Amino acid sequence: MFDPVFSKILVAYDGSEASDRALDSAAKMAAMFKGEIIIITVVPRVSMPIISTGEMSYMELGAETYQEKLIEAYSLALEKAKEEMKEHYPQIKIEAILKEGRPSELIVAEADLKGASLIVMGSRGIGGISGWILGSTSRKVVDHCTKPILIVK
-9 MFDPVFSKIL VAYDGSEASD RALDSAAKMA AMFKGEIIII TVVPRVSMPI
41 ISTGEMSYME LGAETYQEKL IEAYSLALEK AKEEMKEHYP QIKIEAILKE
91 GRPSELIVAE ADLKGASLIV MGSRGIGGIS GWILGSTSRK VVDHCTKPIL
141 IVK
(Lines of atoms letter the chains of each structure in order from A and count residues from 1; the text may use other names and numbers.)
(Lines give C-alpha, C1' and ligand atoms only; values in the text may rest on other atoms or scores of the structure.)
Protein backbone atom coordinates (compact mmCIF):
# COMPACT_ATOMS: atom_id res chain seq x y z
CA MET A 1 0.00 0.00 0.00
CA PHE A 2 1.27 3.45 -0.93
CA ASP A 3 1.87 5.61 2.16
CA PRO A 4 2.84 9.10 1.03
CA VAL A 5 5.02 11.24 3.23
CA PHE A 6 2.52 14.11 3.34
CA SER A 7 -0.74 12.24 3.64
CA LYS A 8 -2.23 14.36 6.45
CA ILE A 9 -1.60 18.08 6.17
CA LEU A 10 -2.55 20.53 8.89
CA VAL A 11 -3.04 24.08 7.60
CA ALA A 12 -3.07 27.09 9.92
CA TYR A 13 -5.75 29.43 8.59
CA ASP A 14 -6.74 32.93 9.72
CA GLY A 15 -8.45 34.34 6.65
CA SER A 16 -5.45 36.40 5.54
CA GLU A 17 -4.04 36.36 2.01
CA ALA A 18 -1.00 34.51 3.32
CA SER A 19 -3.14 31.77 4.84
CA ASP A 20 -5.17 31.56 1.60
CA ARG A 21 -1.92 30.87 -0.28
CA ALA A 22 -0.92 28.30 2.34
CA LEU A 23 -4.27 26.53 2.05
CA ASP A 24 -4.02 26.48 -1.74
CA SER A 25 -0.51 24.99 -1.61
CA ALA A 26 -1.60 22.38 0.94
CA ALA A 27 -4.62 21.41 -1.17
CA LYS A 28 -2.43 20.89 -4.24
CA MET A 29 -0.07 18.67 -2.24
CA ALA A 30 -2.95 16.74 -0.68
CA ALA A 31 -4.43 16.14 -4.13
CA MET A 32 -1.06 14.98 -5.45
CA PHE A 33 -0.45 12.61 -2.50
CA LYS A 34 -4.11 11.53 -2.19
CA GLY A 35 -4.04 12.90 1.32
CA GLU A 36 -6.28 14.87 3.61
CA ILE A 37 -6.33 18.39 5.00
CA ILE A 38 -7.05 19.60 8.49
CA ILE A 39 -7.72 23.33 8.54
CA ILE A 40 -7.18 24.87 11.97
CA THR A 41 -8.21 28.37 12.87
CA VAL A 42 -7.16 29.65 16.26
CA VAL A 43 -8.90 32.69 17.67
CA PRO A 44 -6.46 34.55 19.92
CA ARG A 45 -7.85 35.57 23.30
CA VAL A 46 -8.40 39.28 23.72
CA SER A 47 -6.35 40.95 26.38
CA MET A 48 -7.59 44.43 27.29
CA PRO A 49 -6.89 46.55 30.33
CA ILE A 50 -9.81 46.71 32.71
CA ILE A 51 -10.96 50.10 33.95
CA SER A 52 -13.22 49.88 36.96
CA THR A 53 -15.40 52.57 38.53
CA GLY A 54 -16.08 50.38 41.52
CA GLU A 55 -19.52 49.39 40.27
CA MET A 56 -18.87 48.19 36.77
CA SER A 57 -15.87 47.27 34.72
CA TYR A 58 -16.51 48.81 31.28
CA MET A 59 -13.54 47.30 29.48
CA GLU A 60 -14.46 43.83 30.68
CA LEU A 61 -17.81 44.08 28.92
CA GLY A 62 -16.09 45.44 25.80
CA ALA A 63 -13.50 42.66 25.74
CA GLU A 64 -16.13 39.94 26.08
CA THR A 65 -18.22 41.36 23.26
CA TYR A 66 -15.13 41.86 21.10
CA GLN A 67 -14.04 38.24 21.72
CA GLU A 68 -17.46 36.96 20.65
CA LYS A 69 -17.29 39.00 17.44
CA LEU A 70 -13.78 37.75 16.79
CA ILE A 71 -14.87 34.12 17.21
CA GLU A 72 -17.77 34.72 14.84
CA ALA A 73 -15.54 36.32 12.19
CA TYR A 74 -12.92 33.57 12.37
CA SER A 75 -15.61 30.90 12.27
CA LEU A 76 -17.14 32.39 9.13
CA ALA A 77 -13.72 32.61 7.44
CA LEU A 78 -12.98 28.98 8.35
CA GLU A 79 -16.32 27.73 7.05
CA LYS A 80 -15.90 29.66 3.80
CA ALA A 81 -12.40 28.22 3.31
CA LYS A 82 -13.65 24.69 3.98
CA GLU A 83 -16.51 25.05 1.49
CA GLU A 84 -14.20 26.46 -1.20
CA MET A 85 -11.76 23.58 -0.70
CA LYS A 86 -14.59 21.03 -0.97
CA GLU A 87 -15.75 22.70 -4.18
CA HIS A 88 -12.31 22.85 -5.82
CA TYR A 89 -10.90 19.59 -4.41
CA PRO A 90 -13.83 17.20 -3.89
CA GLN A 91 -11.48 14.20 -3.78
CA ILE A 92 -9.72 15.45 -0.64
CA LYS A 93 -10.99 14.70 2.85
CA ILE A 94 -11.22 18.05 4.67
CA GLU A 95 -11.69 18.68 8.37
CA ALA A 96 -12.08 22.14 9.91
CA ILE A 97 -11.26 22.93 13.53
CA LEU A 98 -11.84 26.17 15.46
CA LYS A 99 -9.92 26.68 18.70
CA GLU A 100 -9.48 29.59 21.06
CA GLY A 101 -6.17 30.42 22.72
CA ARG A 102 -2.53 30.86 21.76
CA PRO A 103 -2.23 30.08 18.05
CA SER A 104 1.30 28.65 18.04
CA GLU A 105 0.64 26.32 20.98
CA LEU A 106 -2.66 25.03 19.62
CA ILE A 107 -1.31 24.52 16.10
CA VAL A 108 1.53 22.35 17.43
CA ALA A 109 -0.78 20.47 19.83
CA GLU A 110 -3.41 19.78 17.16
CA ALA A 111 -0.76 18.61 14.68
CA ASP A 112 0.43 16.09 17.28
CA LEU A 113 -3.10 15.05 18.26
CA LYS A 114 -4.22 14.50 14.66
CA GLY A 115 -0.99 12.83 13.56
CA ALA A 116 -0.29 15.43 10.88
CA SER A 117 2.65 14.63 8.63
CA LEU A 118 3.11 18.28 7.58
CA ILE A 119 2.12 21.72 8.87
CA VAL A 120 1.55 24.44 6.27
CA MET A 121 1.37 28.09 7.28
CA GLY A 122 1.38 31.45 5.60
CA SER A 123 3.90 34.12 6.43
CA ARG A 124 3.04 37.77 6.51
CA GLY A 125 6.70 38.72 6.51
CA ILE A 126 6.79 40.54 9.84
CA GLY A 127 10.44 41.25 10.30
CA GLY A 128 12.79 43.75 11.80
CA ILE A 129 12.12 45.12 15.24
CA SER A 130 8.36 44.39 15.13
CA GLY A 131 8.96 40.73 14.38
CA TRP A 132 11.67 40.53 17.03
CA ILE A 133 9.54 42.11 19.75
CA LEU A 134 6.19 40.54 18.88
CA GLY A 135 7.43 37.30 17.42
CA SER A 136 5.40 35.55 14.79
CA THR A 137 3.13 32.57 14.97
CA SER A 138 5.08 30.76 12.23
CA ARG A 139 8.38 31.40 14.07
CA LYS A 140 6.95 30.06 17.33
CA VAL A 141 5.57 26.95 15.60
CA VAL A 142 8.95 26.31 13.98
CA ASP A 143 10.66 26.68 17.36
CA HIS A 144 8.32 24.28 19.19
CA CYS A 145 7.47 21.60 16.65
CA THR A 146 9.34 18.53 15.44
CA LYS A 147 7.13 17.94 12.37
CA PRO A 148 7.99 19.18 8.89
CA ILE A 149 6.69 22.71 8.34
CA LEU A 150 6.14 24.55 5.07
CA ILE A 151 5.97 28.34 5.32
CA VAL A 152 4.27 29.84 2.27
CA LYS A 153 4.93 33.47 1.36
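Just so we're aligned, residue -9 is where the sequence shown starts under my numbering, counting upward by one. Every residue, glycine too, gets a C-beta built ideally from N, C-alpha and C. No experiment lies behind these values; they were computed from the predicted model shown.
For T31, the enclosing beta strand (DSSP E) covers residues E26 to V33.
Looking at T127, V142, L108 and K143, the one whose alpha-carbon comes closest to that of T136 is L108. Between the alpha carbons of I84 and I29 lies a distance of about 7 Å. Counted as a single uninterrupted DSSP element, the stretch harbouring V142 is not any alpha helix (DSSP H) but the beta strand (DSSP E) occupying residues I139 to V142. Around the CB of K(-2), 16 or more other CB atoms lie within 10 Å, so the residue is classed as buried. With fewer than 16 other Cβ atoms from the protein chains shown falling within 10 Å of its own Cβ, S6 counts as exposed.
DSSP lists I28 as the bridge partner or partners of E85. Around the Cβ of A20, a 10 Å sphere holds 16 or more other Cβ atoms; the residue is buried. DSSP, reduced to helix, strand and coil, places V1 within a strand of the structure shown. For the pair E69 and K76, the Cα-to-Cα distance works out to about 11 Å. Counting the other Cβ atoms within 10 Å of the Cβ of T55 gives fewer than 16, which makes it exposed. In this structure, the alpha-carbon of K89 lies about 21 Å from that of L140.
Secondary structure note for V110: its beta strand (DSSP E) is the uninterrupted segment L108 to G112.
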